[in-house]
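First the structure, in the form of structure tokens, and then the observations on it.
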Amino acid sequence: MSLTDFEKGFQHSEAERFARMQRVQARLEQEALAQTVETFVREHKLYTPPPSYNKAEVIIVKK
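Numbers 1 to 63, taken from UniProt numbering, label the letters of the sequence shown in order.
Encoded structure:
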């Protein structure tokens with residue numbers, strides 16, 4: 001039993017659609033994990049952001 005060109009094209013597009021869905025799912029899982037880690041770090045105060053560098057905080061040392 002051989003597939004017609006139309007059926008082959010459809011089969012190919014199904015494979016592409018499945019691969020694309022897997023990539024989207026992986027990206028969503030990665031973003032969810034990043035959000036979870038960010039929330040955990042913030043809640044447990046494991047990271048302190050650097051101070052903003054405005055003129056009042058910058059000290060120039062001359063030798």
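Beta carbons: idealized from backbone N, C-alpha and C, even for Gly.
Small disclaimer: the values here were computed from a predicted structure and weren't measured.
Rounded to a whole number of angstroms, what is the C-alpha to C-alpha distance between residue i and residue j?
{"i": "V37", "j": "R27", "result": "15 Å"}
{"i": "Q22", "j": "E16", "result": "10 Å"}
{"i": "Q11", "j": "V24", "result": "20 Å"}
{"i": "A19", "j": "E29", "result": "15 Å"}
{"i": "V41", "j": "K62", "result": "38 Å"}
Pick helix, strand or coil for residue i, following the three-state DSSP scheme.
{"i": "L46", "result": "coil"}
{"i": "L3", "result": "coil"}
{"i": "residue 87", "result": "The shown model of the chain, from 1 to 63, leaves out residue 87, and the question about it has no answer."}
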